[in-house]
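Contents: one structure, followed by commentary.
Number of protein chains: 2
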Amino acid sequence: MQQWAASALRAAKYGKGPDWVACIVRPAQASIPARTLPRGNMGFDLEDTIALLSSTPRSLHALLRDLPQAWTHANEGPKTWSPFDIVGHLIQGERTDWMPRARMILEHGENRAFDPFDRLAQERESHGKSLPELLDQFAQLRSENLHALRAMKLQPEDFDRRGRHPALGIVTLSQLLATWAIHDLTHLHQLSRVMGYQYREAVGPWSAYLGVLHCQGHGS
Amino acid sequence: MQQWAASALRAAKYGKGPDWVACIVRPAQASIPARTLPRGNMGFDLEDTIALLSSTPRSLHALLRDLPQAWTHANEGPKTWSPFDIVGHLIQGERTDWMPRARMILEHGENRAFDPFDRLAQERESHGKSLPELLDQFAQLRSENLHALRAMKLQPEDFDRRGRHPALGIVTLSQLLATWAIHDLTHLHQLSRVMGYQYREAVGPWSAYLGVLHCQGHGS
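For the protein sequence lines, the chains are A and B, in the order given.
45 is the number of the first residue of the first sequence in our numbering; add one for each residue after it.
45 is the number of the first residue of the second sequence in our numbering; add one for each residue after it.
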């Protein structure tokens, strides 16, 4: 790392940098491993979950629809995803993952493991389509799924109903629905990183202060 | 880390997990330090930059305006920021950072260092206001600033004009404008992490697969 970057990050870490640097740093928690962090402070709430799931399609629409392809179709290198790819992945989740799994929990409980995700279907689905078409399709499918979710008229006692994940084992309906919402946020997180990556050289020395340019994807 | 989490992440890393796990992992680059990654593939482009800067207010509006405060006013613990705080910070950037610094480069070049950020002003600014008020204020200020940026009628030769950052030293006008855009993405990245944090327990075992829950903020 160049000297200016190292000294700026060190100064920021100890609260001695320019004030605006601190916006990037989480002072108390920056070095604590994820598994030792305190509990998130929200319990599962169906309406809060639906509110977040409802906001994602319009947020992606607002963010991406009018951007040039330099932002929306660029990725981070071989075998990585562009914003266009991410929207295609979200569409496949609407088709084959979340609501089918919710129905499987209600109908089969722990007796039948969820079906795995079909990634080839995602590639077929997106092929030849424009990003606005994918955004519209995602919004339509999400709307239909949330309508179907509301039609289930779930009661609090349903949230603990159990299903079987092929790798994770026993999971509950509320965990599935919470994961549906946080999966949206994971891909919003990824999307901001992928777009930031395109300007990692253009920002020059400021790269030291821009947290999104230091994200490695948290895959390991 | 529990065994199922460790084994799932290990399987994902080597491409052997359930297919849908791989969406979280960047296969080729997950373990490469940021400073050795290849160059981003976009050079600075004024219109691309303005397009991204234009999309941020409407994206935040779409994402946040109708969410309950359980999502928008919760943070990650003491001295960390909620989505509400982040929007207040973006407003301060519009008031005191980006365009004032661009004007300083054009008027004073390297002769005068940029003024530091005033964080107290941000807290004063947000106090007593609602999130929709802050979102509207951010959109208004961003619109005015982009109008002023266009009125500068910058030419390619202007992009290399130099200014002086109080900590980073010499920077160029294009680096400042690129940073303005990537600073938006850094806070979108942060915002998705802060919201995800609220459900880190609610998702149960799926937390192992949700990259956003493993983000530490990249501050160090």
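Even for Gly, the Cβ is constructed at its ideal location relative to N, Cα and C.
request  = Go to residue 206 of chain A, then tell me how far its alpha helix (DSSP H) extends in each direction, as first and last residue.
outcome  = Walking along the first sequence from the start, residue 206 of chain A turns up at place 162. Unbroken run through residue 206 of chain A is the beta strand (DSSP E), 206-209; no alpha helix (DSSP H).
task = Could you tell me how far apart the beta carbons of residue 254 of chain A and residue 223 of chain B are, in whole angstroms, since I believe they sit closer than 8 Å?
result = Position 210 of the first sequence, counted from the start, is the residue given in the question as residue 254 of chain A. Position 179 of the second sequence, counted from the start, is the residue given in the question as residue 223 of chain B. Contact holds; Cβ gap of about 7 Å.
Partner residues on chain B for residue 87 of chain A, Cβ-Cβ distance less than 7 Å = In the first sequence, counting from the first residue as 1, residue 87 of chain A sits at position 43. Those within 7 Å of residue 87 of chain A in chain B are 246.
query = Looking only at DSSP bridge pairs, what is residue 213 of chain B linked to?
reply = Against the second sequence, residue 213 of chain B aligns to sequence position 169. As a beta-bridge residue in DSSP terms, residue 213 of chain B pairs with B:209.
task = Using the DSSP secondary-structure output, state which residues sit across from residue 157 of chain B in a beta bridge.
result = To locate residue 157 of chain B, count along the second sequence from 1; it is residue 113. Answer by DSSP bridge pairing, in chain order: B:208.
ask   = Just how far apart, CA to CA, sit residue 116 of chain B and residue 201 of chain B?
value = In the second sequence, residue 116 of chain B corresponds to position 72, counting from 1. In the second sequence, residue 201 of chain B corresponds to position 157, counting from 1. Approximately 42 Å between the Cα atoms of the pair.
task = Mind reading off the beta-carbon distance from residue 206 of chain A to residue 216 of chain A? Whole number of angstroms is fine, and I expect it under 8 Å.
result = Taking the first residue of the first sequence as position 1, residue 206 of chain A is located at position 162. Taking the first residue of the first sequence as position 1, residue 216 of chain A is located at position 172. Sure, about 6 Å apart at Cβ, within 8 Å.
key: Extent of the continuous alpha helix (DSSP H) to which residue 247 of chain B belongs   = By one-based count along the second sequence, residue 247 of chain B stands at place 203. Where residue 247 of chain B is concerned, there is no enclosing alpha helix (DSSP H), given that its DSSP letter is neither H nor E.
message = What ranges does the alpha helix (DSSP H) occupy inside the segment 100-149 of chain A, keeping only unbroken runs of at least 4 residues that lie completely in it?
response = Along the segment 100-149 of chain A, the alpha helix (DSSP H) occurs as fully enclosed runs of 4 or more residues at 113-116, 127-136, listed in sequence order.
inquiry  = Which of the three DSSP states is assigned to residue 174 of chain B in this structure?
reply    = Numbered from 1 along the second sequence, position 130 holds the residue referred to as residue 174 of chain B. DSSP places residue 174 of chain B in coil when its eight states are reduced to three.
ask   = Rounded C-beta distance between residue 92 of chain B and residue 112 of chain A? I'm assuming under 8 Å.
value = Position 48 of the second sequence holds residue 92 of chain B. Position 68 of the first sequence holds residue 112 of chain A. That belief holds up - the Cβ atoms of residue 92 of chain B and residue 112 of chain A are roughly 5 Å apart, short of 8 Å.
task = Classify residue 254 of chain A as helix, strand or coil using the three-state DSSP reduction.
result = Position 210 of the first sequence, counting from 1, holds the residue named residue 254 of chain A. Secondary structure of residue 254 of chain A (DSSP, three-state): coil.
task = Determine the DSSP secondary structure at residue 96 of chain B, reduced to helix, strand or coil.
result = For the purposes of this step, residue 96 of chain B is taken as the residue at position 52 of the second sequence. Residue 96 of chain B falls in the helix class under three-state DSSP.
query = Run through DSSP, which three-state label would residue 261 of chain A get?
reply = Along the first sequence, one-based indexing puts residue 261 of chain A at 217. For residue 261 of chain A, the secondary structure class from DSSP, reduced to helix, strand or coil, is coil.
Chain-ordered neighbours of residue 249 of chain A on chain B, where CB pairs are closer than 8 Å = In the first sequence, residue 249 of chain A corresponds to position 205, counting from 1. By Cβ distance, chain B contributes 209, 212, 213, 215, 219.
message = Please identify the residue among A:161, A:256, A:130, A:88 whose C-alpha is closest to the C-alpha of residue 179 of chain A.
response = If you number the first sequence from 1, residue 179 of chain A lands on position 135. It is A:130 whose Cα lies nearest to the Cα of residue 179 of chain A.
task = Could you round the C-beta distance between residue 114 of chain B and residue 242 of chain B to whole angstroms and report it? I think they count as a contact, below 8 Å.
result = As a working note, residue 114 of chain B is residue 70 in the second sequence. As a working note, residue 242 of chain B is residue 198 in the second sequence. Confirmed, about 7 Å.
query = Mind checking if residue 234 of chain A is an interface residue toward chain B, Cβ cutoff 9 Å exclusive?
reply = Here the question's residue 234 of chain A lines up with position 190 in the first sequence. Yes - at least one Cβ of chain B is within 9 Å of the one on residue 234 of chain A.
inquiry  = So that I know if they touch, is there some Cβ in chain A lying closer than 9 Å to that of residue 139 of chain B?
reply    = Residue mapping note: residue 139 of chain B aligns to position 95 of the second sequence, counting from 1. Answer no: the Cβ-Cβ gap between residue 139 of chain B and chain A never drops below 9 Å.
query = For residue 149 of chain B, which residues from the same chain have a beta carbon less than 6 Å from its beta carbon, with the 5 sequence-adjacent residues on both sides left out?
reply = Taking the first residue of the second sequence as position 1, residue 149 of chain B is located at position 105. Excluding sequence neighbours, residue 149 of chain B sits near 205, 207, 217.
ask   = In three-state terms, what does DSSP make of residue 219 of chain A?
value = Within the first sequence, numbered from 1, the residue matching residue 219 of chain A stands at position 175. Assignment of residue 219 of chain A by DSSP, reduced to helix, strand and coil, places it in the helix class.
task = Could you name the residues of chain A that residue 237 of chain B contacts, counting a contact when the two beta carbons are closer than 7 Å?
result = Numbered from 1 along the second sequence, position 193 holds the residue referred to as residue 237 of chain B. Those are 233, listed as they occur along chain A.
query = Are any of the Cβ atoms in chain A nearer than 9 Å to that of residue 183 of chain B?
reply = Working through the second sequence from its first residue, we reach residue 183 of chain B at position 139. For residue 183 of chain B, no CB of chain A lies under 9 Å from its own CB, so it is not counted at the interface with that chain.
task = Going by CA-CA distance only, name the one from B:95, B:170, B:160, B:142 that's closest to residue 221 of chain B.
result = Walking along the second sequence from the start, residue 221 of chain B turns up at place 177. Checked all of B:95, B:170, B:160, B:142; the closest Cα to residue 221 of chain B is B:142.
task = Measuring only between beta-carbons, confirm whether residue 179 of chain B sits less than 9 Å from chain A.
result = Here residue 179 of chain B refers to the residue found at position 135 when the second sequence is read from its first residue. No, because no Cβ of chain A sits closer than 9 Å to the Cβ of residue 179 of chain B.
inquiry  = Between residue 127 of chain B and residue 193 of chain B, how many whole angstroms is the CB-CB distance? I'm expecting something under 8 Å.
reply    = Numbered from its first residue, the second sequence carries residue 127 of chain B at position 83. Numbered from its first residue, the second sequence carries residue 193 of chain B at position 149. About 26 Å; that fails the 8 Å criterion.
inquiry  = Can you give me the C-alpha to C-alpha distance between residue 136 of chain A and residue 145 of chain B, rounded to a whole angstrom?
reply    = Here residue 136 of chain A refers to the residue found at position 92 of the first sequence. Here residue 145 of chain B refers to the residue found at position 101 of the second sequence. Spanning the two alpha carbons is a distance of roughly 44 Å.
query = Could one say the Cβ of residue 107 of chain A lies closer than 9 Å to chain B's Cβ atoms, at least one of them?
reply = Counting from 1 along the first sequence, the entry for residue 107 of chain A is found at position 63. Yes, its Cβ sits closer than 9 Å to a Cβ of chain B.
message = Once the 5 residues before and after residue 100 of chain B are set aside, which same chain residues still bring their CB inside 6 Å of it?
response = As a position in the second sequence, residue 100 of chain B is number 56, starting the count at 1. In the same chain as residue 100 of chain B, and ignoring 5 residues on each side of it, the C-beta atoms closer than 6 Å to its own belong to 228, in chain order.
message = Just to confirm, is the Cβ distance from residue 244 of chain A to residue 259 of chain A under 9 Å?
response = The residue labelled residue 244 of chain A in the question sits at position 200 within the first sequence. The residue labelled residue 259 of chain A in the question sits at position 215 within the first sequence. Not a contact, by the Cβ cut-off of 9 Å.
query = Between residue 86 of chain B and the rest of its own chain, which residues show a CB-CB distance below 8 Å, the 5 nearest in sequence each way excluded?
reply = Counting from one through the second sequence, the residue named residue 86 of chain B turns up at place 42. For residue 86 of chain B, where only same-chain residues beyond five positions count, the Cβ hits under 8 Å are 92.
query = If you drop the 5 nearest sequence neighbours on each side, which residues of the same chain put their C-beta closer than 7 Å to that of residue 185 of chain B?
reply = Reading the second sequence from its first residue, position 141 is the one you call residue 185 of chain B. Around residue 185 of chain B, the same chain offers 135, 138, 139 as residues with beta carbons nearer than 7 Å, after the five sequence neighbours per side are excluded.
message = Determine, for residue 176 of chain B, whether the minimum Cβ-Cβ distance to residues of chain A falls below 9 Å.
response = The residue labelled residue 176 of chain B in the question sits at position 132 within the second sequence. The Cβ of residue 176 of chain B sits no closer than 9 Å to any Cβ of chain A.
query = Alpha carbon to alpha carbon, what distance is there between residue 225 of chain B and residue 213 of chain B?
reply = As a position in the second sequence, residue 213 of chain B is number 169, starting the count at 1. As a position in the second sequence, residue 225 of chain B is number 181, starting the count at 1. Taking the straight line from one Cα to the other gives about 20 Å.
ask   = Nearest chain B C-beta to residue 261 of chain A closer than 9 Å, yes or no?
value = If you number the first sequence from 1, residue 261 of chain A lands on position 217. Residue 261 of chain A counts as touching chain B.
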